[in-house]
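As structure tokens, the structure follows; a few thoughts come after it.
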Amino acid sequence: RLTKLSQVRDEKWADYTLVNAWGSIGVWDPNYDGTDVNAACVSKDEQLLAIGDDFGKVKVFKYPSSEPEAESIELIGHSAHVTNVGFTADDQYLISTGGNDTGIFLWRREEEP
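Residues in the sequence shown are numbered consecutively from 1413, following my numbering.
Following this line, the structure appears as structure tokens:
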């Protein structure tokens, strides 16, 4: 039984999917309300943080994204809100799922030159 937060402070978790956490502060666009980010996922190598929002956007940030209004790459494809995002086990692809568009997108990760 855990009785103190310090017991899990440095614990390495299997997945990081929190939209409201220290490592994802920078994903919040000034125009977002508190519910516009629907999903978040950190890559297994802990280099990237992807989010899906209510406006059909998938955005990819460097992780951690702890500075307000952090720079991101925007992936365009969904025509409705994005319900979930997740990296594949080998981090080579990002999968995003749409709401009303019922789309499933597979985005290939390319290394920077």
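Even glycine gets a Cβ: it sits at the ideal position worked out from N, Cα and C. Since we're looking at a predicted model, the values are computed, not measured.
Arg1521 lies in the beta strand (DSSP E); which residues open and close that run? Looking at the DSSP string, Arg1521 is not in any beta strand (DSSP E), and its letter there is neither H nor E.
Under a Cβ-count criterion, where at least 16 other Cβ atoms within 10 Å of its own Cβ denotes burial, should Leu1460 be classed as buried or exposed? Under this definition Leu1460 is a buried residue.
State the Cα-Cα distance for the pair Ile1437 and Val1431, rounded to the nearest angstrom. 8 angstroms
Segment contact, 8 angstroms Cβ cut-off, at least three pairs: the region 1484-1502 with the region 1447-1460: yes
Here's the rule I'm using: 16 or more other beta-carbon atoms within 10 Å means buried, otherwise exposed. How should Ala1501 be labelled? exposed
Along the chain, where does the beta strand (DSSP E) containing Glu1486 start, and where does it finish? Residues Ser1484 to Leu1487.
Let me confirm a value: Gly1397 is counted as buried when at least 16 other C-beta atoms fall within 10 Å, else exposed. Which label applies? In the structure as shown, the chain begins at 1413 and stops at 1525. Residue 1397 is therefore absent and cannot be evaluated.
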